[in-house]
Amino acid sequence: MTTTLSRQATPFILTIFGATGDLTRRLILPAIYNLAVDGRLPEKFAIIGSALPEMTDEQFQAFLTEAIEKFCTVEFDRGFWTEKLAPSFHYSGGNFGDPELFKNLSERSEALEEKIGDSCLRLFYFAVAPNHFATLSDQIAAAGLHKSSSSDARVIIEKPFGYDLNSATELNRQLLKVWQENQLYRIDHYLGKETVQNLLVFRFANGIFEPIWNRNFIDHVQITVAETVGVEGREKYYDRSGAVRDMMQNHLLQLMAYVGMEVPNSFDADPVRDKKSELLEAIRDIPAARLGEFAVRGQYGEGYIGGQKVAGYRHEPDVNPDSSTETYVAIKLWVDNWRWSGVPFYLRTGKRLLKREAEIVIVFKHAPEVVFRTTPVDALSPNRLIFNIQPEQTIELDFLAKEPGPVMQIQKANMAFDYHNQFKASRGTGYERLLRDFMLGDLTLFSRSDLIEEAWRVVQPLLSGWESKAERIPIYEAGSSGPAEADELLSRDGREWFGIE
Ligand code: BG6
Numbered sequence: 144m145t146t147t148l149s150r151q152a153t154p155f156i157l158t159i160f161g162a163t164g165d166l167t168r169r170l171i172l173p174a175i176y177n178l179a180v181d182g183r184l185p186e187k188f189a190i191i192g193s194a195l196p197e198m199t200d201e202q203f204q205a206f207l208t209e210a211i212e213k214f215c216t217v218e219f220d221r222g223f224w225t226e227k228l229a230p231s232f233h234y235s236g237g238n239f240g241d242p243e244l245f246k247n248l249s250e251r252s253e254a255l256e257e258k259i260g261d262s263c264l265r266l267f268y269f270a271v272a273p274n275h276f277a278t279l280s281d282q283i284a285a286a287g288l289h290k291s292s293s294s295d296a297r298v299i300i301e302k303p304f305g306y307d308l309n310s311a312t313e314l315n316r317q318l319l320k321v322w323q324e325n326q327l328y329r330i331d332h333y334l335g336k337e338t339v340q341n342l343l344v345f346r347f348a349n350g351i352f353e354p355i356w357n358r359n360f361i362d363h364v365q366i367t368v369a370e371t372v373g374v375e376g377r378e379k380y381y382d383r384s385g386a387v388r389d390m391m392q393n394h395l396l397q398l399m400a401y402v403g404m405e406v407p408n409s410f411d412a413d414p415v416r417d418k419k420s421e422l423l424e425a426i427r428d429i430p431a432a433r434l435g436e437f438a439v440r441g442q443y444g445e446g447y448i449g450g451q452k453v454a455g456y457r458h459e460p461d462v463n464p465d466s467s468t469e470t471y472v473a474i475k476l477w478v479d480n481w482r483w484s485g486v487p488f489y490l491r492t493g494k495r496l497l498k499r500e501a502e503i504v505i506v507f508k509h510a511p512e513v514v515f516r517t518t519p520v521d522a523l524s525p526n527r528l529i530f531n532i533q534p535e536q537t538i539e540l541d542f543l544a545k546e547p548g549p550v551m552q553i554q555k556a557n558m559a560f561d562y563h564n565q566f567k568a569s570r571g572t573g574y575e576r577l578l579r580d581f582m583l584g585d586l587t588l589f590s591r592s593d594l595i596e597e598a599w600r601v602v603q604p605l606l607s608g609w610e611s612k613a614e615r616i617p618i619y620e621a622g623s624s625g626p627a628e629a630d631e632l633l634s635r636d637g638r639e640w641f642g643i644e
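Position 308 of the sequence shown, counting from 1, maps to 451 under the numbering used here, and the rest follow consecutively.
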């Protein structure tokens, strides 16, 4: 039996700002294509691309054809694209500071709406650098492009949402001048990943796990997002950001919120977001004076990835040769609430590591060893529940079993569930679900302003502490498992990382 919610999107006009950028080409467009192929777009819609270059609709469609051929995650059907989908793409170029562009966009939207013949939702996608967010909002409002009532318009805002706590608060303030909170879809693509969404089903739809999901049974939690890629042409952005802003503040803390949140009353947007927010609020401040006990940073030096020699971060083009930007961060967090009191959460992420792997490991408390006291076994290893998010999409349970034979030999064994074998799910970009929820007006997987600000509050001591410190950043070898200091973060507590080693 399957339990599904069938939902129907209404006609829309989606304006994508940043339509010639990397994000549009690599992710947004392929996701729209996948939705179209799966018949998940409404019958009537139009998309207007907007960016600085001037182009005709036809030139824009040709530009997109090239992108989609390159980045499409399913087999490209040229006939379908050219005849069915491409004609829905339009283009209006110009400077985001120029009111004329927004007047043009307004006229084009009205003309398209007339052609569509139905009243259309006005959807906007800010696929641009964050310094444009406030300008775009103000210009849209001044041109009346967002119509008047909140049910008529929505906007997706890409990360990074702010640069630190103050700037995020200010950005929220600026956006909320124009939009209501329920029109703002702050996107985190990790929440589009099936295995992340499955965490909630795993926890709350299976009666056997929730009773043990707490301090009485869980020793600690590890969350790892390891990448083998470096900064890949995004050096200018990355050198100002670093791993805390680029990954920890958003993706990893979102994962932690899913692991740790209380049970919501329903899966509607606000009950879920309320519980996530409560979890983040309960994270204890990292004490600035004892930063080293709670956080480790690192930067990759040269090394080998997949047998290929790669340059150290400071030798990447456009990176300051003295840069102290972190490409790796590991932190230990305490959650001061009833469920998690005394259970540390260890989070780490880094670039140019040994493997690409994102996983959540729930490490359970040891079983009492008394019955094995006369048996020659090493210390019993704890049970672990492992959620592999990528590249594999599996859930595994590590347990101990007796090795066959006359003596009592204990071995680690494993039960595994593979998402793809089970469901034959297709590999999308992760943006499909989020875009469709956006079209349908479902905010559950998007961040609210309080969630964003809480996540900045959690990482702010790292940002402030490391900015003001003259001490050298630890360098780790590309292709390794990160700086040795990250291992010490756990070994001091008598624990060790599980996963990428
Ligand atoms: C992005 C970061 O948000 O996530 C990138 O800006 C990072 O630096 C990427 O590489 C990782 O996403 P994924 O889905 O490949 O794990």
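Just so you know, even glycine gets a beta-carbon here, dropped at the ideal spot from N, CA and C.
{"Query": "LEU398 beta carbon less than 8 Å from that of ILE503", "Result": "yes"}
{"Query": "Closest Cα partner of ILE96 within the set TYR176, LYS246, ARG251, ILE211", "Result": "There is simply no residue 96 to check, as the chain begins at 144 and stops at 644 in what is shown."}
{"Query": "Distance cut-off 7 Å: ASP165 Cβ against heavy atoms of ligand 1", "Result": "no"}
{"Query": "The stretch 615 to 633 contacting the stretch 393 to 412, beta-carbon criterion three pairs below 8 Å", "Result": "no"}
{"Query": "Under the three-state DSSP convention, the category ILE529 falls into", "Result": "strand"}
{"Query": "Residues of its chain near LYS379, where Cβ-Cβ distance is below 7 Å and the 5 sequence neighbours each way are ignored", "Result": "ASP461"}
{"Query": "First and last residue of the uninterrupted alpha helix (DSSP H) at MET582", "Result": "574 to 583"}
{"Query": "Nearest-angstrom beta carbon gap, LEU586 and TYR333 [assumed within contact, 8 Å]", "Result": "Incorrect: roughly 16 Å between the Cβ atoms, too far for contact."}
{"Query": "Burial state of SER484 (16 or more Cβ within 10 Å)", "Result": "exposed"}
{"Query": "Any non-hydrogen atom of ligand 1 within 7 Å of GLN533 CB", "Result": "yes"}
{"Query": "C-beta atoms of PHE530 and THR338 nearer than 8 Å", "Result": "yes"}
{"Query": "Contacting residues, own chain, Cβ-Cβ under 6 Å from ASN315 (five flanking each side not counted)", "Result": "SER592"}
{"Query": "For LEU543, three-class secondary structure by DSSP", "Result": "strand"}
{"Query": "Three-state secondary structure (DSSP) of PHE223", "Result": "helix"}
{"Query": "Distance CB(PRO185)-CB(THR158) smaller than 8 Å", "Result": "no"}
{"Query": "ASP636 burial status per 10 Å Cβ neighbour count (16 or more: buried)", "Result": "exposed"}
{"Query": "The stretch 272 to 291 contacting the stretch 239 to 257, beta-carbon criterion three pairs below 8 Å", "Result": "yes"}
{"Query": "Distance cut-off 7 Å: ALA210 Cβ against heavy atoms of ligand 1", "Result": "no"}
{"Query": "For ASP165, the nearest candidate out of GLN365, ILE211, GLY182 (CA to CA)", "Result": "ILE211"}
{"Query": "Distance CB(PRO525)-CB(ASP630) smaller than 8 Å", "Result": "no"}
{"Query": "Rounded separation between ILE300 and VAL472 - CA only", "Result": "25 Å"}
{"Query": "VAL364 and ILE505 closer than 8 Å at C-beta", "Result": "yes"}
{"Query": "Own chain, CB closer than 6 Å to LEU540, minus 5 neighbours either side, in chain order", "Result": "LEU528, MET558"}
{"Query": "Spatial distance of PHE360 from ASN309 (CA atoms)", "Result": "38 Å"}
{"Query": "Cβ-based neighbour list, GLN151, same chain, cut-off 6 Å, excluding 5 preceding and 5 following", "Result": "none"}
{"Query": "Near ligand 1: MET404 beta-carbon under 7 Å from a heavy atom", "Result": "no"}
{"Query": "Coarse secondary structure for LYS379, derived from DSSP in three states", "Result": "helix"}
{"Query": "Cβ-Cβ distance between VAL217 and ASN274 below 8 Å", "Result": "no"}
{"Query": "For ALA189 and MET198, the rounded distance between their alpha carbons", "Result": "17 Å"}
{"Query": "Closer than 7 Å: ALA501 CB and nearest ligand 1 heavy atom", "Result": "yes"}
{"Query": "Strand pairing of HIS233, partner residues [DSSP]", "Result": "ILE191"}
{"Query": "ALA205 vs GLY236 beta-carbon contact at 8 Å", "Result": "no"}
{"Query": "Contact set for ALA510: own chain, Cβ-Cβ below 7 Å, skip 5 residues either direction", "Result": "LEU523"}
{"Query": "Run of the alpha helix (DSSP H) containing MET399, from where it starts to where it stops", "Result": "396 to 403"}
{"Query": "Anticipated Cβ contact below 8 Å, ALA627 with TYR443, distance rounded", "Result": "Not quite, the Cβ-Cβ distance comes to about 14 Å (not below 8 Å), so this is no contact."}
{"Query": "Secondary structure of MET198, DSSP reduced to three states", "Result": "coil"}
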